[in-house]
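Per this note's numbering, the sequence shown starts with residue 66, numbered consecutively.
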Amino acid sequence: MAHNPRKRFGQNFLQDQTVIYDIISSIQTKPGEHWVEIGPGLGALTAPLLSEGVRLDVIELDRDLVALLKEQFKQKNQLQIHSADALKFDFSALAEENEKLRIIGNLPYNISTPLMFHLLDNAYCIEDMHFMLQKEVVDRICAAPGSKKYGRLSIMMQYYCAPELLFDVPPESFEPAPQVMSAIVRLVPHTTPPVKVNDITKLNRVVTEAFSQRRKTLRNSLKKLISEENIAALNIDATLRAENISLNDFAKLSNLLSEIPS
Ligand code: SAM
């Protein structure tokens, strides 16, 4: 390897050919599709994606890797390499009129959550996203009410998209090996939101407050925002905890909050 992995950029390079094959099989590319890869690194996913005949934009923060990628793929004219920070990148600028992008990335773990929300700001031009994340994060994204993993990340992500855990990936599939198990998740943005939310900032507020003390009942955790009577008027049992409340109920609570003058 002509590159020393940099911890600060979350560089754990995929080296297991079976995992790479499984990822490429599960994403089902079609020739001519427009794909965007975040953090191509040394090209473990870039090369097989190009072999599938797709158009590909890649966004890489590490300039040394950008130089290596430019050299490695200089003959691939269906590839555009962007030397940029994906957290600040305008993904909508890549999509041509009425075009929907397919996104993929073995994401640096330290930026994965803000990056997913940044992408979901542009969900209208995204067909789907496939990410390698810490398994713990994938479990939280996919969790249903009643589960210990169910929380703010589950609700906010499920508001924007349908998540699906595809498969787990063990540490030894990477060089260097991370400390934890990873997993591949598929996220398909909803074309119509599953519930009506008047103000997304209010949904975020009510969910954050409700989960700030998981063990408390809604009556107590939401005391500062919504009275017990108002919670009951929505047909929501205020003696339940946040982890037992559905996205639909959180939407109702946030819509009520948006009607209360602050
Ligand atoms: N895709 C490669 C693979 O599977 O082997 C590399 C994955 S490695 C976990 C994460 C990659 O994201 C690294 O190449 C790293 O330099 C890059 N990266 C880190 N932060 C980034 C950011 N903010 N924007 C774009 N790329 C970033």
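C-beta: ideal position from N, C-alpha, C; glycine also.
Every value quoted in this text rests on a predicted model; they were computed, and no experiment measured them.
| Item | Value |
| --- | --- |
| Between the CA atoms of residue 173 and residue 284 - distance to the nearest angstrom | 38 Å |
| Contact the stretch 213-231 vs the stretch 100-118: 3+ CB pairs below 8 Å | no |
| Residue 173 Cβ short of 7 Å to the ligand SAM heavy atom set | yes |
| Exposure label - residue 86; buried when at least 16 CB within 10 Å | exposed |
| Candidates 163, 257, 110, 198: closest to residue 245 by CA position | 198 |
| Test item: CB-CB of residue 180 and residue 101 under 8 Å | no |
| Among 276, 324, 298, nearest to residue 307 - alpha-carbon criterion | 276 |
| For residue 262 and residue 316, believed in contact at Cβ under 8 Å, the rounded distance | 5 Å |
| Per-residue DSSP class, three states only, for residue 291 | coil |
| Reduced DSSP category for residue 321 - H, G, I as helix; E, B as strand; rest coil | helix |
| Beta-carbon proximity check, residue 111 vs residue 74, cutoff 8 Å | no |
| Distance between residue 305 and residue 318 (C-alpha atoms, nearest Å) | 14 Å |
| Cβ neighbour criterion (16 or more within 10 Å) applied to residue 205 | buried |
| Helix, strand or coil at residue 96 [DSSP, three-state] | coil |
| Nearest-angstrom Cβ-Cβ length linking residue 92 and residue 195, presumed shorter than 8 Å | 5 Å |
| Alpha carbon of residue 257 to alpha carbon of residue 192, nearest angstrom | 13 Å |
| Backbone CA spacing between residue 84 and residue 104 [nearest angstrom] | 17 Å |
| Residue 150 CB to nearest heavy atom of the ligand GDP below 7 Å | This structure lacks the ligand GDP; the ligands present are the ligand SAM. |
| Residues near residue 291 in its chain [Cβ-Cβ closer than 8 Å; skip 5 each side] | 271, 318, 321, 322, 325 |
| Enclosing beta strand (DSSP E) for residue 232 [first to last residue] | 226-234 |
| Minimum C-alpha distance to residue 248 - residue among 286, 80, 212, 88 | 88 |
| Alpha-carbon to alpha-carbon, residue 200 and residue 243 | 12 Å |
| Exposure of residue 274, with buried meaning 16 or more beta-carbon neighbours within 10 Å | buried |
| Proximity below 8 Å, CB of residue 99 to CB of residue 164 | yes |
| Whether residue 187 touches residue 212 by CB criterion (8 Å) | no |
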